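The structure appears below as structure tokens.
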Amino acid sequence: MTRTVIRGGLVVTAAEELNADVLIEDERIVALAAAGSSAAEWTADRVIDATGMYVIPGGVDAHTHMELPFGGTSASDTFETGTRAAAWGGTTTIVDFAVQSVGASLREGLDAWHAKAEGNCAIDYGFHMILADVNDASLKEMDLLVGEGVTSFKLFMAYPGVFYSDDGKILRAMQRGADNGGLIMMHAENGIAIDVLVEQALAAGKTDPRYHGEVRRELLEAEATHRAIKLAQVAGSPLYVVHVSAASAVAEIAGARDAGLPVFGETCPQYLFLSTDNLAEPGFEGAKYVCSTPLRPKEHQAELWKGLRTNDLQVVSTDHCPFCFVGQKELGRGDFSKIPNGLPGVENRMDLLHQAVVDGHLTRRRWIEIACATPARMFGLYPKKGTIAPGADADVVVYDPNAEQTISAETHHMNVDYSAYEGRRITGKVRTVLSRGTVVIDGDNYLGRAGHGRYQPRATCQYLDR
Ligand code: DUC
Ligand code: ZN
Ligand code: ZN
Ligand code: ZN
1 MTRTVIRGGL
11 VVTAAEELNA
21 DVLIEDERIV
31 ALAAAGSSAA
41 EWTADRVIDA
51 TGMYVIPGGV
61 DAHTHMELPF
71 GGTSASDTFE
81 TGTRAAAWGG
91 TTTIVDFAVQ
101 SVGASLREGL
111 DAWHAKAEGN
121 CAIDYGFHMI
131 LADVNDASLK
141 EMDLLVGEGV
151 TSFKLFMAYP
161 GVFYSDDGKI
171 LRAMQRGADN
181 GGLIMMHAEN
191 GIAIDVLVEQ
201 ALAAGKTDPR
211 YHGEVRRELL
221 EAEATHRAIK
231 LAQVAGSPLY
241 VVHVSAASAV
251 AEIAGARDAG
261 LPVFGETCPQ
271 YLFLSTDNLA
281 EPGFEGAKYV
291 CSTPLRPKEH
301 QAELWKGLRT
311 NDLQVVSTDH
321 CPFCFVGQKE
331 LGRGDFSKIP
341 NGLPGVENRM
351 DLLHQAVVDG
361 HLTRRRWIEI
371 ACATPARMFG
381 LYPKKGTIAP
391 GADADVVVYD
401 PNAEQTISAE
411 THHMNVDYSA
421 YEGRRITGKV
431 RTVLSRGTVV
441 IDGDNYLGRA
451 GHGRYQPRAT
461 CQYLDR
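Numbering (the UniProt record's numbering), first residue to last: 1 to 466.
Next comes the structure, spelled out in structure tokens:
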């Protein structure tokens with residue numbers, strides 16, 4: 001048995017902050033004790049000095065797309081490179097999206113994603129399932145997947161002809177989820193209307209990246225969010241709206257919650273820190289910021305921060321889906337609709353949200369709540385993941401709140417040739433990362449390995465009685 005003690009730090013969880021030492025035996029946290037109490041007698045094989053540091057749970061990023069095939073290419077981070085970058089950024093669990101292909105079973109999709117991930121991940125991982133072909137057989141398969149720990153299912157109101165489901169299919173999947181405990185996650189944008197606007201924009205010669213933001217109208221995010229909420233209400237199903245970017249969509253979610261409905265909302269760092277100003281950068285630079293839902297005008301940011309503070313939004317995940325500028329984003333030169341959708345971010349989330357603490361948008365505990373504890377609870381991983389407590393996995397980050405760093409593609413570890421946050425100054429930096437008791441990041445050294453990360457079957461959403 002290996003005993004590790006983390007001494008002298010400020011332990012921050014979603015629930016409390018305390019000056020405490022943390023005792024780890026092998027893969028688990030076994031005790032916390034106030035500095036100078038019984039902790040003084042703990043013997044250890046390894047002592048990590050956390051004086052002046054925060055000791056926080058490893059981040060849980062509940063929305064990533066490693067190796068996602070999209071728009072004729074594939075997201076540039078593999079499970080190996082993407083999970084290693086996540087570790088560098090203080091994230092110790094990801095929940096990635098396995099994809100059902102049209103005409104194929106859920107099982108085939110899930111098996112394919114297991115094959116991509118197994119033996120390659122630096123940190124622990126689980127899967128959601130994208131339902132791209134809702135039919136009698138795939139609805140039945142949902143029950144089986146819930147039984148084996150794939151307890152959430154993403155549906156798309158966007159991308160006709162690719163992932164899109166019509167309202168009837170959505171309703172049927174929601175009814176099934178209401179029955180089997182699977183949480184329905186929704187990409188809420190009216191893709192049918194958007195495709196008309198895309199065609200009209202291109203016909204009018206509007207081909208630059210900034211038109212991606214213009215055709216994906218805020219109204220069409222709000223409308224789809226509203227419709228998804230009503231469909232979920234009809235089905236008696238909870239609903240988790242992914243990557244919320246529009247203030248009016250936040251209002252729809254807040255209204256539903258105020259009415260007592262089990263509706264949850266996620267936003268992402270790109271919507272909190274970037275805007276349509278980035279999409280309008282000169283030349284083809286804006287392509288770096290093409291994702292869906294799209295970036296919005298700056299005014300929306302205040303509403304997203306407010307939603308996070310009032311708990312109308314509960315989770316910040318990245319929707320990490322990187323495409324290199326050279327050779328991938330460039331596929332859309334002369335036609336914004338051919339720019340692969342997605343931004344890199346899995347490595348930056350914990351730091352950006354710490355910057356939000358420094359800037360006064362969030363409290364320290366809320367930082368941990370939206371980035372660790374709530375995503376773990378939402379997706380059935382708590383308290384194994386998302387907190388620092390006896391019995392929890394020893395996924396622990398020693399975080400230096402005073403270190404200064406500058407985000408840059410020159411120094412990041414994601415397999416992508418640009419950073420969406422290039423040049424941004426951050427106060428705060430990851431110092432040490434443990435994944436199930438193993439030190440994977442020690443200062444400037446990577447000590448992890450592909451294959452350390454283990455598949456995590458998940459319970460159903462822990463905010464709902466079952
Ligand atoms: N949005 C993105 O930006 N990328 C992948 C899929 C999605 O819905
Ligand atoms: Zn989406
Ligand atoms: Zn409210
Ligand atoms: Zn996504």
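Using N, Cα and C, we set each Cβ at its ideal position, and we do this for glycine too. Quick caveat, the model's predicted, so the values are computed rather than measured.
Quick check on the DSSP output: the alpha helix (DSSP H) that includes residue i runs from which residue to which?
i: glycine 255; result: 247 to 258
i: aspartate 167; result: 167 to 180
i: proline 375; result: 374 to 378
i: isoleucine 229; result: 218 to 235
i: lysine 140; result: 136 to 147
i: isoleucine 368; result: 364 to 368
i: valine 357; result: 349 to 358
i: valine 346; result: Segment: none, valine 346 is in no alpha helix (DSSP H) and carries neither H nor E.
i: residue 504; result: Nothing can be reported for residue 504: it is not among the residues displayed for the chain, which extend from 1 to 466.
i: valine 150; result: It is not in any alpha helix (DSSP H) - valine 150 carries neither H nor E in the DSSP assignment.
i: tyrosine 211; result: 210 to 215
Give every residue of the same chain whose Cβ lies closer than 7 Å to the Cβ of residue i, excluding the five residues on either side of it in the sequence, and list them in chain order.
i: serine 317; result: Asp61, Ala62, His63, Glu266, Cys268, Pro375
i: residue 550; result: The chain is shown only over 1 to 466; residue 550 falls outside these bounds and no answer can be derived.
i: arginine 257; result: Val263, Asp312
i: glycine 103; result: Asp133
i: alanine 33; result: Ala20, Asp21, Ala39
i: glutamate 347; result: Ala85, Ala86, Trp88, Gly89, His412, His413, Met414
Can you find the residues in the same chain that come closer than 6 Å, C-beta to C-beta, to residue i, ignoring five residues on each side of it along the sequence?
i: cysteine 121; result: Phe79, Thr83, Gly453
i: threonine 406; result: Arg425
i: lysine 338; result: Leu331, Gly332
i: valine 416; result: Ser76, Pro322, Cys324, Pro344
i: threonine 81; result: Asn415
i: tryptophan 42; result: Val5, Leu23
i: glycine 386; result: Pro57, Val60, Cys372, Ala373, Ala376
i: phenylalanine 70; result: Pro340
On the criterion of 16 or more Cβ atoms from any shown chain inside 10 Å, does residue i qualify as buried, or is it exposed?
i: arginine 46; result: exposed
i: leucine 219; result: exposed
i: valine 162; result: exposed
i: valine 358; result: exposed
i: glycine 360; result: exposed
i: asparagine 135; result: exposed
i: arginine 449; result: exposed
i: threonine 310; result: exposed
i: aspartate 465; result: exposed
i: glycine 286; result: buried
i: lysine 140; result: exposed
i: proline 209; result: buried
i: threonine 2; result: exposed
Please state whether DSSP places residue i in a helix, a strand or coil.
i: isoleucine 407; result: coil
i: histidine 413; result: coil
i: aspartate 277; result: helix
i: phenylalanine 336; result: helix
i: alanine 31; result: strand
i: phenylalanine 79; result: helix
i: leucine 10; result: strand
i: serine 435; result: strand
i: alanine 98; result: strand
i: glutamate 266; result: strand
i: isoleucine 194; result: helix
i: tyrosine 271; result: helix
i: lysine 384; result: coil
i: histidine 243; result: coil
i: tyrosine 289; result: helix
i: valine 162; result: coil
Is the Cβ of residue i closer than 7 Å to any Cβ of chain C?
i: threonine 318; result: Within the model displayed, chain C is absent; a lone protein chain is all it includes.
Who are the near neighbours of residue i in its chain, counting only those whose CB is closer than 8 Å to its CB and skipping five residues on each side?
i: aspartate 319; result: His63, Thr64, His65, Val242, His243, Cys268, Gln270, Cys291, Gly342, Leu343, Gly345
i: valine 326; result: Asp417
i: serine 408; result: Ser419, Glu422, Gly423
i: alanine 389; result: Thr13, Ile29, Leu32, Pro383
i: aspartate 96; result: Thr64, His65, Met66, Phe79, Trp113, Ala117, Tyr125, Gly126, Phe127, His128
Hey, quick one: how far does the beta strand (DSSP E) through residue i stretch, first residue to last?
i: alanine 15; result: Here alanine 15 belongs to no beta strand (DSSP E), and DSSP marks it neither H nor E.
i: aspartate 61; result: 59 to 64
i: lysine 306; result: From DSSP, lysine 306 is part of no beta strand (DSSP E) but of the alpha helix (DSSP H) over 299 to 310.
i: methionine 186; result: 183 to 187
i: tyrosine 125; result: 124 to 130
i: arginine 46; result: 46 to 49
Handout entry: Any 3 or more C-beta pairs closer than 8 Å across the segment 37 to 57 and the segment 13 to 23
Key = yes
Practice task
Say whether the segment 296 to 312 touches the segment 390 to 401, bearing in mind that this needs 3 or more beta-carbon pairs closer than 8 Å, one atom from each stretch.
Solution key: no
Problem - At least 3 beta-carbon pairs within less than 8 Å: the segment 370 to 384 vs the segment 431 to 451 - result: no
Problem - Touch test, the segment 111 to 120 against the segment 149 to 169, Cβ-Cβ under 8 Å, three pairs minimum - result: no
Exercise for the section: State whether the segment 168 to 177 contacts the segment 198 to 211, with contact taken as three or more CB pairs (one from each stretch) at a distance under 8 Å. Expected result: no
Problem - Sufficient close CB pairs (3 or more, under 8 Å) joining the segment 295 to 304 to the segment 271 to 284 - result: yes
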